[in-house]
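Residues 1 to 54 in our numbering are what the sequence shown lists, from first letter to last.
In this text, a Cβ means the ideal position worked out from N, Cα and C, and glycines have one as well.
So the structure is just underneath, and the comments pick up after that.
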Amino acid sequence: MTHTNAALTPRHRLIVARLVVEEDWPVSEVAARFQVSWPTVKRWADRYRAGQSM
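As structure tokens, then:
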């Protein structure tokens, strides 16, 4: 579920998570490219690894 101020849609969060988990991109690089904080990218990647919804 997305809140009204969400920076990225669930689809884009999935792309971000896959870049970190499956493509081995550095969290900091993905964060910079998508203009979100690195803790947010890390949280999304952790959720993806755990099989949770984005």
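Query                                                                                                                                                                   : Result
How about V30 and L19: do their beta carbons lie closer than 7 Å?                                                                                                       : yes
Kindly indicate the opening and closing residues of the alpha helix (DSSP H) around W38.                                                                                : W38 to A50
Mind checking A50: buried by the 16 CB within 10 Å criterion, or exposed?                                                                                               : exposed
In terms of alpha-carbon separation, which member of A6, S28 and V21 lies closest to A45?                                                                               : V21
Within the same chain, show all residues whose beta-carbon is closer than 6 Å to that of R58, passing over the 5 residues directly before and after it, in chain order. : Nothing can be reported for residue 58: it is not among the residues displayed for the chain, which extend from 1 to 54.
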